[in-house]
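Peer 1: In full-length UniProt numbering, the protein residues as written are 1 to 372.
Here you go, one structure.
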């Protein structure tokens with residue numbers, strides 16, 4: 001009975017080690033087109049995803065606000081796992097942020113850089129995976145299982161070989177069986193207990209060979225680049241400063257929605273080749289009623305639509321004046337209309353984003369202005 005229990009425990013331990021080894025090999029080498037596994041190295045997504053967790057991201061046809069995605073930032077090879085806060089449906093781009101971060105990410109994520117949507121996570125399993133990168137972990141999860149497998153195969157091979165030799169000797173009756181029997185007198189063959197040292201000796205030999213080398217790895221920190229070298233090149237000339245960002249503009253507005261239960265809206269346009277942060281910006285009407293804009297980034301060369309319940313516009317009887325105010329209380333754009341407006345008619349810049357305002361019969365909310 002004790003032998004059976006020991007065998008069950010032994011087999012269970014071997015199975016767990018082999019399963020862990022297979023899992024770690026998948027984490028490091030299992031990068032498929034449809035799914036990949038990643039180790040989370042920061043707490044920006046806590047409490048949804050804790051530091052040290054492993055996330056499994058799967059390709060999807062569509063991604064929407066609220067989804068947690070894994071992506072790369074432009075040409076940077078660092079993988080980031082954050083939540084989608086805003087989607088630019090026209091350009092299929094995304095603004096993201098970590099759940100634990102107060103601010104939005106400073107970049108725009110293109111659909112081409114999205115690696116997948118997080119399907120599920122394994123909390124803290126990344127610590128085990130990182131341990132496996134170290135020499136001791138590599139030995140435990142790679143070398144030891146491989147040595148055990150080789151040991152078991154050799155044991156079986158030797159056992160079968162000895163049985164064959166014994167059978168042959170019996171047939172030929174050249175010598176007595178008991179004179180060549182080097183094994184304990186048991187029904188089942190088993191190598192001496194000292195043979196268990198084989199995996200340990202193998203591990204020691206491998207460790208000795210590894211102690212003079214190191215495991216190379218690329219360590220990345222979001223918003224930082226860590227590097228090491230024996231010498232660094234001298235600094236080059238001071239780069240030309242980036243051009244000053246242009247202010248967003250009022251591009252279209254709808255004073256009288258139809259039905260009235262729908263919201264009024266004002267469309268802004270970002271003329272920059274980079275995202276524009278609306279934090280601290282406001283819209284003010286002729287009655288000096290201020291509406292703060294959300295702390296959100298307008299993607300480059302894209303639209304942002306601010307919605308408000310019907311009744312805020314048209315406060316000048318007829319008409320109204322809408323002014324866009326920056327965080328320093330400076331007016332940066334303004335439009336005044338002095339006529340009654342039929343339901344579901346919008347004032348839009350024609351040509352789009354650059355011309356004067358024209359009363360249009362068909363609103364183009366969040367799209368290129370077209371006024372037939």
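For each residue, glycine too, the CB sits at the ideal point set by N, CA and C.
These numbers were taken from a predicted model, which means no experiment stands behind them.
Tell me, please, which residues DSSP counts as bridged to residue 331.
Peer 2: 325
Peer 1: Residue 73 to residue 79, Cα distance in whole Å?
Peer 2: 8 Å
Peer 1: Which same chain residues, not among the five before or five after residue 355, have their C-beta less than 6 Å away from its C-beta?
Peer 2: 349
Peer 1: Residue 100 and residue 44: beta carbons closer than 8 Å?
Peer 2: yes
Peer 1: Can the beta-carbon of residue 105 be found closer than 8 Å to that of residue 302?
Peer 2: Not closer than 8 Å, so no.
Peer 1: So, is residue 328 buried or exposed, given that buried needs 16 or more other C-beta atoms within 10 angstroms?
Peer 2: exposed
Peer 1: Relative to the alpha-carbon of residue 69, which residue among 47, 77, 90, 95 has its alpha-carbon at the smallest distance?
Peer 2: Measuring from the Cα of residue 69, the nearest candidate turns out to be 95.
Peer 1: Could you check how far apart the C-beta atoms of residue 270 and residue 292 are, in whole angstroms? I think they sit under 8 Å.
Peer 2: Wrong, their Cβ atoms sit about 18 Å apart, outside the cutoff.
Peer 1: In the DSSP assignment, find the beta strand (DSSP E) that holds residue 114 and state where it starts and stops.
Peer 2: Note, residue 114: beta strand (DSSP E), 114–122.
Peer 1: Sorted by chain position, which residues of the same chain lie with C-beta nearer than 6 Å to residue 46's C-beta, five sequence neighbours on each side aside?
Peer 2: 100
Peer 1: What are the boundary residues of the beta strand (DSSP E) that residue 77 is part of?
Peer 2: Premise fails: residue 77 is in no beta strand (DSSP E) and is neither H nor E.
Peer 1: For residue 358, is the classification buried or exposed, using 16 other Cβ atoms within 10 angstroms of its Cβ as the cut-off for buried?
Peer 2: exposed
Peer 1: Which word fits residue 372, buried or exposed, when buried means at least 16 other C-beta atoms lie within 10 angstroms of its C-beta?
Peer 2: Exposed.
Peer 1: Below 8 Å on the Cβ atoms is my guess for residue 108 versus residue 93; work out the distance and round it to an integer in Å.
Peer 2: 5 Å
Peer 1: Rounded to the nearest angstrom, what separates residue 286 and residue 322 at their Cα positions?
Peer 2: In a straight line, the C-alpha of residue 286 is about 7 Å away from that of residue 322.
Peer 1: Look at the alpha carbon of residue 219 and the alpha carbon of residue 51, and state the distance between them as a whole number of angstroms.
Peer 2: Because residue 219 carries a pLDDT of 36, less than 50, the predicted location of this residue cannot be relied on, and the following value inherits that uncertainty. Taking the straight line joining both Cα atoms gives about 15 Å.
Peer 1: Among the candidates 262, 276, 362, whose CA atom is the shortest distance from the CA of residue 268?
Peer 2: 276
Peer 1: Counting C-beta neighbours from all protein chains within 10 Å, is the total for residue 241 16 or more, i.e. buried, or is it exposed?
Peer 2: Note on residue 241: pLDDT 49, under 50, position unreliable in the model; the coordinate value appears next. Classification of residue 241: exposed, given that the 10 Å Cβ count is below 16.
Peer 1: If I'm right that residue 42 touches residue 57 with Cβ under 8 Å, what's the distance once you round it to whole angstroms?
Peer 2: Your pair residue 42 and residue 57 does not check out as a contact, with CB atoms roughly 16 Å apart and the cut at 8 Å.
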